[in-house]
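Q: Questions regarding the structure given below will be posed in turn.
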Amino acid sequence: MTSAPPYDGRHLIAELHDAAHLSDADVIEAALRDGATAAGATILDVRLHHFGPGQGVTGVALLAESHISIHTWPEHGYAAIDIFMCGRANDVDAALDLIAGRLEARIASRTLIARGFGAVTQPA
Numbered sequence: 000m001t002s003a004p005p006y007d008g009r010h011l012i013a014e015l016h017d018a019a020h021l022s023d024a025d026v027i028e029a030a031l032r033d034g035a036t037a038a039g040a041t042i043l044d045v046r047l048h049h050f051g052p053g054q055g056v057t058g059v060a061l062l063a064e065s066h067i068s069i070h071t072w073p074e075h076g077y078a079a080i081d082i083f084m085c086g087r088a089n090d091v092d093a094a095l096d097l098i099a100g101r102l103e104a105r106i107a108s109r110t111l112i113a114r115g116f117g118a119v120t121q122p123a
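In numbering that gives the first Met the number 0, the protein residues as written are 0 to 123.
Here's what the structure looks like:
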């Protein structure tokens with residue numbers, strides 16, 4: 000048996016409620032970029048798809064450390080966010096705090112999942 004690689008990951012799953020700017024692709028792109036920077040991550044690319052005037056946005060910031068993704072439903076004031084980063088140096092909470100603040104979310108719930116070879120001990 001080989002030893003596990005010396006890295007792990009953290010996957011933050013978040014839900015924003017009573018949020019603003021959810022159909023504004025420019026605000027969302029800036030929030031993704033600035034959130035990644037706040038986390039100390041390296042941005043490789045950012046892609047967004049705006050579904051039309053007044054409609055939601057789906058976006059992803061591709062990071063050297065993994066990704067930040069967002070899916071918005073402006074008609075419900077709701078956004079679903081995933082922040083997954085490998086390694087221990089990156090601050091996933093700082094990324095979420097910045098994004099939630101930019102989107103003026105009244106409620107931001109979060110669930111943190113440890114990811115990696117040592118994190119799961121039971122077979123799938």
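Beta carbons: idealized from backbone N, C-alpha and C, even for Gly.
Because the structure is a prediction, the values reported are computed rather than measured.
What are the boundary residues of the alpha helix (DSSP H) that includes L95?
A: First-last of the alpha helix (DSSP H) with L95: V91 to R101.
Q: When you compare only the Cα positions, how much space is there between L61 and E28?
A: The alpha-carbon atoms of L61 and E28 are separated by roughly 12 Å.
Q: Would you kindly work out how many angstroms separate the C-alpha atoms of R114 and I67, rounded to a whole number?
A: Each residue's alpha carbon lies about 15 Å from the other.
Q: Are the beta-carbon atoms belonging to I82 and L95 less than 8 Å from one another?
A: Yes.
Q: Whole angstroms are fine: how far does the CA of I80 sit from the CA of A123?
A: With a pLDDT of 43 at A123, under the threshold of 50, the modelled position of this residue cannot be trusted; read the value that follows with caution. A123 and I80: Cα-Cα distance of roughly 25 Å.
Q: Please give the ranges of any beta strand (DSSP E) in the region 23-67, keeping only runs that are unbroken, at least 3 residues long and fully inside the region.
A: Runs found: 42-49 and 56-62.
Q: Where does the unbroken beta strand (DSSP E) through E74 begin, and where does it stop?
A: Looking at the DSSP string, E74 is not in any beta strand (DSSP E), and its letter there is neither H nor E.
Q: Near Q121, what residues of its chain come up, given a Cβ to Cβ distance below 7 Å and the 5 sequence neighbours on each side ignored?
A: Confidence in Q121 is poor, its pLDDT being 48 and thus under 50, which makes the residue's placement too unreliable to answer from.
Q: Nearest by alpha-carbon distance to G76: which of H48, A63 and Q54 is it?
A: Here the closest residue by C-alpha is Q54.
Q: P5: buried (16+ other C-beta within 10 angstroms of its C-beta) or exposed?
A: A caution first: P5 carries a pLDDT of 46, below 50, which makes its placement in the model too unreliable to give a value.
Q: To which residues does DSSP link H70 through a beta bridge?
A: T57 and A79, per the DSSP bridge assignment.
Q: At the level of alpha carbons, what is the spacing between M84 and A30?
A: Computed Cα separation, rounded: 17 Å.
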